[in-house]
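Some notes on the structure that comes next.
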């Protein structure tokens, strides 16, 4: 079911975690299981499949922390830069910075729409580029994130594995949808990469998928059977130093 929550518009592997016991995993320890660059289809087959849980009680900031906080355990956390700027620096070209972190301008070749967007920071211009949670936070809440500890949810919300710079209006249109309700329309090749990233996030954080979502993912990845599961060190995921 499609859900619109105001908080979402702010957006636009390792050994087993101790999160179930309330312990906070370190960045190096990860949060779930080791993600290796095997087949995305193979990883999809291992995900649990069941219906969405309830969305009731979900609050973006209360449950996943303030948007783009640096004080969290994902890659790039505690580096002195907000997560949004980390992703803009990774995904944009011709980047101009104010100081060490803040992206003032750059160019996004948006793989979701095929558009080239010239980004300029400002109240009216910044929304042209959003940071997309590939697994939307509301969707994650309904498929297992509710049971994660708050620090792990904050990590999920800021994990570069789950984030990409995207066309603002397209990201707003996605809302809370999973792969059964929304996928990038521009290029089939990027849909494969997009779904593989979703599978990687769901594997890492031990989320489940719905029957409809599995059907959509299987259909997409069936057209690109060589698609590998991305990892934290994949070129499209790793942050720039």
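Residue numbers (the numbering used here): 243 to 483.
The C-beta atom is built at its ideal place from N, Cα and C for all residues, glycine as well.
Since we're looking at a predicted model, the values are computed, not measured.
C-alpha gap between residue i and residue j, whole angstroms
{"i": "residue 389", "j": "residue 450", "result": "12 Å"}
{"i": "residue 386", "j": "residue 443", "result": "12 Å"}
{"i": "residue 320", "j": "residue 434", "result": "32 Å"}
{"i": "residue 394", "j": "residue 335", "result": "31 Å"}
{"i": "residue 429", "j": "residue 292", "result": "29 Å"}
{"i": "residue 341", "j": "residue 454", "result": "46 Å"}
{"i": "residue 408", "j": "residue 371", "result": "6 Å"}
{"i": "residue 237", "j": "residue 287", "result": "Here the chain covers residues 243 to 483 and nothing more, so residue 237 does not appear."}
{"i": "residue 375", "j": "residue 328", "result": "14 Å"}
{"i": "residue 439", "j": "residue 282", "result": "9 Å"}
{"i": "residue 290", "j": "residue 361", "result": "39 Å"}
{"i": "residue 380", "j": "residue 339", "result": "32 Å"}
{"i": "residue 471", "j": "residue 353", "result": "18 Å"}
{"i": "residue 366", "j": "residue 410", "result": "12 Å"}
Cut-off 7 Å between Cβ atoms - residues of its own chain near residue i, not counting five sequence neighbours on either side
{"i": "residue 326", "result": "310 and 373"}
{"i": "residue 369", "result": "410"}
Where residue i sits in the DSSP three-state scheme
{"i": "residue 338", "result": "strand"}
{"i": "residue 498", "result": "Residue numbering for the chain in the displayed model covers 243 to 483; residue 498 lies beyond these limits and cannot be assessed."}
{"i": "residue 373", "result": "strand"}
{"i": "residue 291", "result": "strand"}
{"i": "residue 437", "result": "helix"}
{"i": "residue 298", "result": "coil"}
{"i": "residue 358", "result": "strand"}
{"i": "residue 422", "result": "coil"}
{"i": "residue 415", "result": "helix"}
{"i": "residue 475", "result": "coil"}
{"i": "residue 281", "result": "strand"}
{"i": "residue 352", "result": "coil"}
{"i": "residue 305", "result": "helix"}
{"i": "residue 333", "result": "helix"}
{"i": "residue 327", "result": "helix"}
Own chain residues within Cβ distance below 6 Å of residue i, not counting five before or after
{"i": "residue 363", "result": "346"}
{"i": "residue 378", "result": "418"}
{"i": "residue 343", "result": "323 and 327"}
{"i": "residue 477", "result": "none"}
{"i": "residue 485", "result": "Given that the chain is displayed from residue 243 to residue 483, the structure contains no residue 485 and the question cannot be resolved."}
Neighbourhood of residue i by C-beta distance below 8 Å, restricted to the same chain and skipping five residues each side
{"i": "residue 475", "result": "none"}
{"i": "residue 415", "result": "424"}
{"i": "residue 349", "result": "334, 335, 336, 358, 359, 360 and 361"}
C-beta neighbour in chain B for residue i, strict 8 Å
{"i": "residue 473", "result": "Absence of chain B from the displayed structure is noted, only one protein chain being present."}
Q) Is the region 302-319 in contact with the region 395-414, if contact means three or more CB pairs nearer than 8 Å? A) They touch, by the three-pair rule.
Within the region 379-407, ranges of the alpha helix (DSSP H) (whole runs, at least 4 residues) = DSSP runs (the alpha helix (DSSP H)) wholly in the region 379-407: 379-384 and 392-400.
- Flag this pair as touching only if the region 418-429 and the region 456-466 have three or more C-beta atom pairs under 8 Å; answer yes or no. Yes, since at least three Cβ pairs between the region 418-429 and the region 456-466 fall closer than 8 Å, the two stretches touch.
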